[in-house]
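Asks: Quick note, the sequences are listed as chains A and B, same order.
Residue numbers for the first sequence follow our numbering, so the first one is 502 and each next one is one higher.
Residue numbers for the second sequence follow our numbering, so the first one is 502 and each next one is one higher.
Encoded as structure tokens, here's the structure I'll be asking about.
Number of protein chains: 2
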Amino acid sequence: MKKIHYTEPWTKSVHFTILDVERLHSEVSPFQTIDFYRSDTFGTFFTLDGLMMVNEKDEFIYHDMISHVPMAVNPNIKRVLIIGGGDGGTAREIARYSGIEKIDMVEIDERVVRLSQKYLPLTAKTLDQDNRIHLFFEDGLAFVKNADKESYDLILVDSTDPIGPGEGLFTKAFYDNCYRALSNDGILINQHESPYFNEQKHEMIRAHAKIKDLFPIAEVYQFHQPTYPSGHWLFGFASKKFHPIKDHKMAAWEALNLKTNYYNSDIHKGAFMLPTYVKDALKNAR
Amino acid sequence: MKKIHYTEPWTKSVHFTILDVERLHSEVSPFQTIDFYRSDTFGTFFTLDGLMMVNEKDEFIYHDMISHVPMAVNPNIKRVLIIGGGDGGTAREIARYSGIEKIDMVEIDERVVRLSQKYLPLTAKTLDQDNRIHLFFEDGLAFVKNADKESYDLILVDSTDPIGPGEGLFTKAFYDNCYRALSNDGILINQHESPYFNEQKHEMIRAHAKIKDLFPIAEVYQFHQPTYPSGHWLFGFASKKFHPIKDHKMAAWEALNLKTNYYNSDIHKGAFMLPTYVKDALKNAR
Numbered sequence: 502m503k504k505i506h507y508t509e510p511w512t513k514s515v516h517f518t519i520l521d522v523e524r525l526h527s528e529v530s531p532f533q534t535i536d537f538y539r540s541d542t543f544g545t546f547f548t549l550d551g552l553m554m555v556n557e558k559d560e561f562i563y564h565d566m567i568s569h570v571p572m573a574v575n576p577n578i579k580r581v582l583i584i585g586g587g588d589g590g591t592a593r594e595i596a597r598y599s600g601i602e603k604i605d606m607v608e609i610d611e612r613v614v615r616l617s618q619k620y621l622p623l624t625a626k627t628l629d630q631d632n633r634i635h636l637f638f639e640d641g642l643a644f645v646k647n648a649d650k651e652s653y654d655l656i657l658v659d660s661t662d663p664i665g666p667g668e669g670l671f672t673k674a675f676y677d678n679c680y681r682a683l684s685n686d687g688i689l690i691n692q693h694e695s696p697y698f699n700e701q702k703h704e705m706i707r708a709h710a711k712i713k714d715l716f717p718i719a720e721v722y723q724f725h726q727p728t729y730p731s732g733h734w735l736f737g738f739a740s741k742k743f744h745p746i747k748d749h750k751m752a753a754w755e756a757l758n759l760k761t762n763y764y765n766s767d768i769h770k771g772a773f774m775l776p777t778y779v780k781d782a783l784k785n786a787r
Numbered sequence: 502m503k504k505i506h507y508t509e510p511w512t513k514s515v516h517f518t519i520l521d522v523e524r525l526h527s528e529v530s531p532f533q534t535i536d537f538y539r540s541d542t543f544g545t546f547f548t549l550d551g552l553m554m555v556n557e558k559d560e561f562i563y564h565d566m567i568s569h570v571p572m573a574v575n576p577n578i579k580r581v582l583i584i585g586g587g588d589g590g591t592a593r594e595i596a597r598y599s600g601i602e603k604i605d606m607v608e609i610d611e612r613v614v615r616l617s618q619k620y621l622p623l624t625a626k627t628l629d630q631d632n633r634i635h636l637f638f639e640d641g642l643a644f645v646k647n648a649d650k651e652s653y654d655l656i657l658v659d660s661t662d663p664i665g666p667g668e669g670l671f672t673k674a675f676y677d678n679c680y681r682a683l684s685n686d687g688i689l690i691n692q693h694e695s696p697y698f699n700e701q702k703h704e705m706i707r708a709h710a711k712i713k714d715l716f717p718i719a720e721v722y723q724f725h726q727p728t729y730p731s732g733h734w735l736f737g738f739a740s741k742k743f744h745p746i747k748d749h750k751m752a753a754w755e756a757l758n759l760k761t762n763y764y765n766s767d768i769h770k771g772a773f774m775l776p777t778y779v780k781d782a783l784k785n786a787r
């Protein structure tokens, strides 16, 4: 297959390029342009509207950090809602917990799921192998609006950036509905962008300002995701009751004996310890 | 001035590009090719043999993490040796501590210092303003070999990658001499590469294997440096006596009231909490 160079603009003036990739598939869905590629360094990866979403080399970092942090804070989580996450990696990690009763996954774009099932079994394989997982190809914003009050213990917002189909998932209306749909010990984890380049920092601040207005506990944690702009990426941890560090159930989580390649009980704590410039930006977010 | 694109190979197949930069200066010194550039996003930056060393946007991250971590473990450090660090940023941070009596800085390439003084006063300005700083334009390996036994409390290896002039600074002979030159409560901090791409991971493992053979305490800490390959970068903390966490003198450091933009007492702890795949690679290093 012909080799091409994949270039992604991290900002207007900073580009990330993967040389010599093969394009496995390209299509324009009703929502976005979807491209699957293969590279020696990253294995199979796919992009939405030209931005890297998931690759075989480092998907474990993102999926470990979105899933195991809340599960180690509240091991009694039973009802999980995933918004986005069409590649299946987040559902895969959550499905490893035997105490989970249901995983509703709401992905606006069915094509992302179907193509991941074809090209990325590493992340997607669990989607049709676990009958606790229920797929809904709908708009996440509308789904959460219509969800019953207090019907989930955990909501994971595994979204794209706030441009295109992901835009509604960064609005106050969406976070309001998440709050309503969460049980009293509910936790919301959301894609929180990055503090480094101004483009993503702007979105980080906007998202955080809205969430901390709503939830009594609203913290942010960081991880190293080298294929996202700057490699310094964040999730938000918002909750009605649980604090991610004070309520960290380290022993309970370790007793489960889950093998993880990025997450561990140390990194659970360390991830919430933020550089001064990030703390300052979040503190002043409004 | 004409705008060009600066492209750096992070690996053979992954490139990092900064668009529309101006080349301020380029020369071939007896040791390496030195280029200074200016970009809107990163301000002034320079490269050695085509690899980004320092830029105005994020130099504070590297210089905070190399300097303040050891100073917060042993606030009685008085005699400091910096190997490399020609941009002056490491000396600048160490010079902020009034208890420091001398800072010997050994940079093999005088041109890096002179050009930094001309183009990068942000990092270099302290070099001729503080009479505790002594510049030696010599080979670091030979300098440490000839240093008196136990003549330094802290050695900071602020080197390039182990290719070209930095190569000797990753050898067992060099670490041996550092051990000898350090006082009994001495600390060695060294540039420890990165765990993500195989190219840098290989060097990380080689360096760590040598250091942990020599020093009773040999830990590794991480930080987010977006302009280095993968953005996931490491320093080694090696010591004859002090443990970076158990002996962390948080209150003493905070009483100094130093303003820092990346380092803080939380990140001091968090930086040593490593992802599982990094712990595993270091544990198995030999």
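In this text, a Cβ means the ideal position worked out from N, Cα and C, and glycines have one as well.
Fair warning: this is a prediction, and the values are worked out from it, not measured in the lab.
(1) Count the CB pairs spanning the stretch 736 to 749 of chain A and the stretch 678 to 693 of chain A that are closer than 8 Å, and state whether there are at least three.
(2) Would you mind reading off the limits of the beta strand (DSSP E) that contains B:Arg681?
(3) By the 10 Å Cβ neighbour count, where 16 or more other Cβ atoms means buried, how is B:Asn577 classified, buried or exposed?
(4) With a 10 Å radius around its C-beta and 16 neighbouring C-beta atoms as the bar for buried, classify B:Met553 as buried or exposed.
(5) What are the residues in the stretch 505 to 527 of chain A lying within 7 Å of chain B by C-beta distance?
(6) By DSSP's criteria, B:Ala719 is part of a beta bridge. Which residues make up the other side?
(7) Please specify which runs of the alpha helix (DSSP H), each continuous and at least 4 residues long, are wholly inside the stretch 520 to 585 of chain B, giving them in chain order.
(8) Which runs of the alpha helix (DSSP H), 4 residues or longer, sit entirely within the stretch 611 to 646 of chain B?
(9) For B:Ile712, which residues in the same chain have their Cβ closer than 6 Å to its Cβ, ignoring the five residues on either side in sequence?
(10) Which residues does DSSP pair with A:Leu490 in a beta bridge?
(11) Just checking, does the stretch 560 to 569 of chain B make contact with the stretch 511 to 530 of chain B on the three C-beta pairs under 8 Å criterion?
(12) In angstroms with no decimal places, state the Cα-to-Cα distance between A:Ile634 and A:Ile746.
(13) Using DSSP bridges, identify the partner residues of B:Thr518.
(14) Within 7 Å of any Cβ in chain A, is that where the Cβ of B:Ile768 sits?
(15) Please list, in chain order, the residues of the stretch 535 to 564 of chain A that have any C-beta partner in chain B closer than 9 Å.
(16) With three or more beta-carbon pairs closer than 8 Å as the criterion, would you say the stretch 586 to 594 of chain B touches the stretch 657 to 664 of chain B?
(17) Check the Cβ-Cβ distances between A:Thr624 and every residue of chain B, and say whether any is below 7 Å.
(18) With H, G and I counted as helix, E and B as strand and the rest as coil, what does DSSP make of A:Gln692?
(19) Quick one: give me the first and last residue of the beta strand (DSSP E) that B:Tyr653 is part of.
(20) Listed in chain order, which residues of the stretch 776 to 787 of chain B have Cβ atoms closer than 8 Å to some Cβ of chain A?
(21) With 7 Å set as the bound, which would you pick, yes or no: does the beta-carbon of B:Tyr598 sit closer than that to a beta-carbon of chain A?
(22) Using Cβ-Cβ distances below 7 Å, what residues of the stretch 729 to 744 of chain A are close to chain B?
(23) In the structure shown, what three-state DSSP assignment does B:Asn699 receive?
(24) Could you tell me if A:Ile562 is buried or exposed, where buried requires 16 or more neighbouring beta carbons within 10 angstroms of its beta carbon?
(25) So, under 8 Å CB-CB, A:Ile688 and A:Leu655 are touching, yes? Tell me the CB distance rounded to an integer number of Å.
(26) Rounded to the nearest angstrom, what separates A:Asp781 and A:Asn758 at their Cα positions?
(27) Flag B:Gly771 as yes if its beta-carbon sits less than 7 Å from any beta-carbon of chain A, otherwise no.
(28) Identify whether B:Met606 lies in helix, strand or coil by the three-state DSSP scheme.
(29) Near A:Ala596, which residues of its chain fall below 7 Å by C-beta distance, leaving aside the five closest residues on each side in sequence?
(30) Can you look up A:Gly589 in the DSSP assignment and give me helix, strand or coil?
Replies: Per the coordinate set shown:
(1) yes
(2) No beta strand (DSSP E) contains B:Arg681, which is instead part of the alpha helix (DSSP H) from 673 to 682.
(3) exposed
(4) buried
(5) Thr512, Ser514, Val515, His516, Phe517, Thr518, Ile519, Leu520, Asp521
(6) B:Ala739
(7) Segments of the alpha helix (DSSP H) lying fully in the stretch 520 to 585 of chain B: 560 to 572.
(8) 611 to 620, 622 to 625
(9) Cβ within range, chain order: Tyr676, Ala719, Gly737, Ala739.
(10) Nothing about residue 490 of chain A can be read from this structure; chain A reaches only from 502 to 787.
(11) no
(12) Taking the straight line joining both Cα atoms gives about 29 Å.
(13) A:His516, B:Thr508
(14) yes
(15) Ser540, Asp541, Thr542, Phe543, Lys558, Asp559, Phe561, Ile562
(16) Yes, the stretch 586 to 594 of chain B is in contact with the stretch 657 to 664 of chain B.
(17) Chain B contact via Cβ: absent.
(18) strand
(19) 653 to 659
(20) If the cut-off is 8 Å between Cβ atoms, the stretch 776 to 787 of chain B has Pro776, Thr777, Tyr778, Lys780 near chain A.
(21) no
(22) Ser731, Gly732, His733
(23) helix
(24) The residue in question, A:Ile562, is buried, as its Cβ has 16 or more Cβ neighbours within 10 Å.
(25) 5 Å
(26) 37 Å
(27) yes
(28) strand
(29) Ile604, Thr627, Asp631, Arg633, Ile634
(30) Reduced to three states, the DSSP call for A:Gly589 is coil.
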